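Residue numbers (our numbering): 1 to 210. Glycine residues also receive a C-beta, built at the ideal position from the N, C-alpha and C atoms. From a predicted model like this one, the values you see are computed outputs, not experimental measurements.
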């Protein structure tokens, strides 16, 4: 009879994400994960395919934390809920954002948030290319604003005013419009996200081109 697995993938996922949240991507390795689990690095090769598998595990761990919502008869509200749930979860784990932006994964759990968004947009009547454009517009906004926030620490100790002052000082002469924008950038991340998403969804509320 085969011996039962010592760990579940969920346990390994959770521990890997805790390391990334605490120490950043540089602190994540087979050795550090094994130490946190109280085992040897070679044990983890029974579960993971080296560094690639380790990084995919972190992406899956973040995706698994995205809240699931039930579909309604309002596609725009559903799309907003799906996009907001994804953005809110991703920004809780800023150190993992580079992996989320660059690692492709095919696990059902990791794809579930994207499926929820795509399904909501499909209920607007879009199909094929029109649906692809709509999906990429919303997903690109979600990931783009998350990447923009990554430029500064997403912590209570972050100093948006200090960052704005720095940008304004650099840009004020050659780029006065950007300097003016720097006075409001980062002041209210939630409002910026909500209003930006509203602009996109309002545009998608028009009839599909085909």
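Residue j beta carbon less than 8 Å from that of residue i
| i | j | result |
| --- | --- | --- |
| residue 125 | residue 64 | no |
| residue 200 | residue 141 | yes |
| residue 17 | residue 96 | yes |
| residue 150 | residue 94 | yes |
| residue 62 | residue 89 | yes |
| residue 75 | residue 116 | no |
| residue 37 | residue 7 | yes |
| residue 146 | residue 91 | yes |
| residue 143 | residue 101 | yes |
| residue 139 | residue 174 | no |
Opening and closing residue of the alpha helix (DSSP H) in which residue i lies
| i | result |
| --- | --- |
| residue 33 | 30 to 37 |
| residue 24 | Neither: residue 24 is in no alpha helix (DSSP H) and is coded neither H nor E. |
| residue 176 | 176 to 181 |
| residue 48 | Segment: none, residue 48 is in no alpha helix (DSSP H) and carries neither H nor E. |
| residue 187 | Segment: none, residue 187 is in no alpha helix (DSSP H) and carries neither H nor E. |
| residue 115 | 108 to 122 |
| residue 84 | 75 to 91 |
| residue 70 | Where residue 70 is concerned, there is no enclosing alpha helix (DSSP H), given that its DSSP letter is neither H nor E. |
| residue 173 | Note, residue 173: premise wrong, no alpha helix (DSSP H); not H, not E. |
| residue 102 | 97 to 102 |
| residue 126 | Run containing residue 126: none; DSSP gives neither H nor E here. |
Beta-carbon separation (whole angstroms), residue i vs residue j, contact threshold 8 Å
| i | j | result |
| --- | --- | --- |
| residue 137 | residue 131 | About 11 Å separates the two Cβ atoms, so there is no contact after all. |
Touch test, the segment 38 to 50 against the segment 80 to 96, Cβ-Cβ under 8 Å, three pairs minimum: As far as the Cβ criterion goes, the segment 38 to 50 does not touch the segment 80 to 96, which means the pair count is below three.
Cβ contact (3+ pairs, closer than 8 Å) linking the segment 21 to 32 and the segment 48 to 59: Contact holds: three or more Cβ-Cβ distances are below 8 Å.
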